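Encoded as structure tokens, the structure appears first; notes follow it.
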Amino acid sequence: MLEKTFEPQAAEPRLYAQWEESGLFAPRAAKATDGAADAYSIVIPPPNVTGSLHIGHALNNTLQDILARYHRMKGKAVLWLPGTDHAGIATQMVVERQLAAAGNVGRRDMGREAFMDKVWEWKAESGGTIVRQLRRLGSSCDWSRERFTLDEGLNAAVRKVFVKLHQDGLIYRDKRLVNWDPHFQTAISDLEVEQREQDGHYWHFAYPLADGVTYEHPIAFDEDGKATEFETRDFIVVATTRPETMLGDTGVAVHPEDERYAGLVGKDVILPITGRRIPIVADDYADPTKGSGAVKITPAHDFNDFGVGKRAGLAALNVMDAFARITNEDVPEIPADLVGLDRFAARKAIVARAEEENWLREIEKTKHVVPHGDRSGVVIEPWLTDQWYVDAHTLAQPALKAVEEGATVFEPKSYEKIYFEWLRNIEPWCISRQLWWGHRIPAWYGPNGEIYVGETEEDAREQALADYDSEVVLTQDEDVLDTWFSSALWPFSTMGWPEKTEDLERFYPTSDLVTAADIIFFWVARMMMMGLHFMDGEAPFKRVIINGLVRDEKGQKMSKSKGNVIDPLGIIDELGADPLRFTMAILSGTRDIKLSKQRIEGYRNFGTKLWNAARFSQMNEAKRVEGFDPATVEQTINRWIRGELTKAERAVSEAIEGGRFDDAAGALYRFVWNVFCDWYLELAKPVFNGADEAAKAETRAMTAWTIDQTLKLLHPVMPFITEELWAELGKEGPARESLLIGAEWPVLPDAFIDASAEAEIGWLVDLVGEIRALRAEMNVPPSAKPPLAFVAPDAVTAERIARHRDLLLTLGRVSEIAVAEAAPAGAVTFVSGGTTAALSLAGIIDLTAERARLEKEIAVFESDIGHVNKKLGNPNFVSRAAPEVVDEQRAKLAEAEEGKVKLQAALARLDAMAGA
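Mind the numbering: the sequence shown is residues 42 to 957 in the numbering used here, read in order.
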């Protein structure tokens, strides 16, 4: 007999060990009859080796595991390939902090080789944390194939790709703007930049016009916006939030259609402090409606300005060094007292000088978004520096075509827009990072600055011999590659490329990719570009499933500072992995998933319901029977549950195949709770307790068979509790052929759906449901058993009433059942299955008190409706409130309106009853 409750803390480690030992996580052996459709593969989005399992990982990996377990049970050879990312900047930061805390010297004092040894030591000791945590979630990855983005095989793939792209002219070195982190002394990707809103200022500076030029500037306007007053100016006003960058200004831009400055285009201004002449240029980037309409242009320190500078032919002058200190290397005119100052100290000095020299016109307070390094926390500086780049535009064209033509599809399809928008406007991809932990760039420099790119230093030396008569000293590039570069090769490098391996032959391209929307361009698009380029035009995956973002129950982003983070490991410790997984699945259909611990606890109750149903079945001797054939059952309830199970199997299979995990979980919930537990087992009780031995034996066997099929359907979503039940229930009856993870997915025939049984039990279920709803609406005490009468039923209904009389008495909690020509006095009538029925409530409820209760509750709903309508009718509320708050109010309104309608119907029934 099953224990009273399932204990996940004890069972989950034991069950996971059984799965691993079984070897079922690995793809099954190939068969001679296998075709492409018999393999299913998916690569895990590699989490950072420094990471710990967070709620986003829990969502993403639950969905992947559902797919892997489902296709495995469908008989396919399934490869779910796991691994971790070396996470260049994050890992280097962790190890540097540890060294500092232990009182060791910094990495630069230690030297590259010694520091790298320390990082590998850390990786060996602490780098497997998240992999162990994924096991706790139940992830059925093939751990024997686990990869790491810095393992030797991937290293070789990265070098080969770099060299080939360089040979093809698709990797090159260039001087461009990058996101520069002055703390870590490296370029970082957009994904590593955190945009923070903060208080700041616009400083309005007057740049004097050169050569005595003046112009008439409008200062007053009529109602139509036409200038009515002017003043003569010998300066042009620009505004900036970063005064320190003015030292590198090489132009002032105005809009080509801005009449105020039309006569100034082509003239010069004198840049304060440096005295440098810089031109006024026309460019659409200048917005006439913002500030003065004139914009200072600093191509070396602003991404937009860099574009303007390119178009206008302006010089790009660096005025900061790698530490974001003022330097005069490009601009010798910068005064000595500013050179060497930190950018923020320089800002104060420049503003003070502007005020002193009277070219500061205004200081305007503002709130603006400032980029910060997500790891360092310091303000990121757009900085002009030499870096390695990929010609992403060229590589993007096949990646665009693959999705446009349907070789790869997105689910939901709406995410294709993000993919297309980024690829159609793609910029060169900066792939070099000024770090030590990562794939070192396979480029060597000769004595005169020549660049030799090769997979090994020997390759580079062979190239150098063509330029020199003898061996020369070559120096390898100090930089490493962007982490996303190696991740872009993940779908094929992890399967052994550049070697022609059996895994590549069998599992590439992969079937699905499950990932988040925020890395569609950082990762998905880049995998598409690399896969198509290096794998003979084959896209790396057939389908991309985008999961939503998990937020708190109010729709707010989770953050430690808000104290609203849900720790998945804490949930697993307390409630087990299954409730968390089921919650992730059933909520996965929205872009923003509102999660609360209470929701997870609710789905723990779902698992408890299943466990209790299995115990109830055991207590009623429902055992698996050798040779039992569900096609031969005769009892109506058994033919009905067979059909309901078949429909559930169809719904679950189609939903998982379609990547609609919420629909799959919803179908499972409805079948297990609402159909099997609430109705079938209730309908089976009289049979279990009855004298008809044949009906009893059939129903016991059918119950056991149905539970078995249910465990199979539920296993991909809730693997632990279903595997435990499979084992425990398998102790009776024929021996199990395998663990549940290796069982065959049920595919039930259409013939299992019995229309007559469905109609009959459907009639009974609807009727009892109507009675129960009416009792609740009319506040009938649970202990009360009113009489039930059917008004002039037809012959089919009369037969059903007679057949199910005992069930109706028990399930409807009524004292007697009669057939009448008219509804009795003092009865509430309702229609079910086309027949009018009457529940006699006279003497059971106090009509006056019940009317007062209903009217009072209706008034509460009306008050709520009025209050919410007032809010939603206020344009200020709708436009200013957070979207989740507006949605919450709309949901509250819909709930109140529905509640009011139900109570009004109950009041109408009460009036009819009183009138009768």
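Using N, Cα and C, we set each Cβ at its ideal position, and we do this for glycine too. Being a predicted model, the structure only gives us computed values, none of them experimental.
Beta-bridge annotation (DSSP): S534 is not paired with any residue. By the criterion of a C-beta distance shorter than 7 Å, A67 is surrounded in its chain by D183, S185, once the five residues flanking it on both sides are discounted. Around G940, the same chain offers F902 as residues with beta carbons nearer than 6 Å, after the five sequence neighbours per side are excluded. Rounded to whole angstroms, the separation of the alpha carbons of G179 and F761 is 8 Å. Relative to E615, the option among E48, L464, L43, H95 whose CA is nearest is E48. Membership of S904 in the alpha helix (DSSP H) is indicated by the continuous run 888-913. Of the residues assessed, L506 falls on the exposed side of the cut-off, its CB having fewer than 16 other CB atoms within 10 angstroms. Going by DSSP, H413 is part of the beta strand (DSSP E) stretching over 401-414. A contact between stretches requires three or more CB pairs, one per stretch, nearer than 8 Å, and the region 769-785 fails this requirement with the region 695-714. In the DSSP annotation of this structure, the continuous segment of the beta strand (DSSP E) that includes G292 starts and ends at 292-295.
Taking a cut-off of 8 Å for Cβ pairs, the region 493-508 and the region 232-250 do not touch, as fewer than three such pairs fall below it. When the five nearest sequence neighbours on each side are left out, the beta carbons in the same chain lying within less than 7 Å of the beta carbon of D290 are those of L312, I319, K337, I338, T339, in order along the chain. Fewer than three pairs of CB atoms, one per stretch, sit closer than 8 Å, so the region 537-555 makes no contact with the region 406-423. Contact between R214 and W477 is ruled out by a C-beta separation of about 20 Å, above the 8 Å threshold. Shown here, Y456 sits in a helix according to DSSP, grouped into three states. The beta carbons of V431 and R474 sit no closer together than 7 Å.
The region 346-353 makes contact with the region 319-329; the number of CB pairs closer than 8 Å reaches 3 or more.
Boundaries of the alpha helix (DSSP H) around S528: 524-528.
For L122, the uninterrupted beta strand (DSSP E) run begins and ends at 118-122, by DSSP. P727 and L848 have their alpha carbons spaced roughly 8 Å apart. Annotation: I467 is outside any beta strand (DSSP E) and is labelled neither H nor E by DSSP. According to DSSP, M361 shares a beta bridge with I367. In the three-state DSSP reduction, E662 falls in the coil class, being neither helix nor strand.
For I782, the three-state secondary structure derived from DSSP is helix.
Assigned with DSSP and collapsed to three states, E397 falls in helix. By the criterion of a C-beta distance shorter than 6 Å, T624 is surrounded in its chain by R640, I641, Y644, once the five residues flanking it on both sides are discounted. G589 places its beta carbon 7 Å or farther from that of A580. Here E818 is near A947, since their CB atoms are less than 7 Å apart. S417 carries a coil assignment under DSSP once its states are collapsed to helix, strand and coil. Put simply, the region 137-156 does not touch the region 106-120. Fewer than three CB pairs are less than 8 Å apart. Contact between I802 and L104 does not hold, since the beta-carbon distance rounds to 34 Å and is not under 8 Å.
Under the three-pair Cβ rule at 8 Å, the region 122-130 counts as touching the region 158-175. Taking G731 as the centre and dropping the five residues before and after it, the same chain places the C-beta of K737 closer than 7 Å to its C-beta, in chain order. Under the three-state reduction of DSSP output, Q639 falls in the helix class. Boundaries of the alpha helix (DSSP H) harbouring A817: 796-818, taken from the DSSP string. Taking G97 as the centre and dropping the five residues before and after it, the same chain places the C-beta of A557, V591 closer than 7 Å to its C-beta, in chain order.
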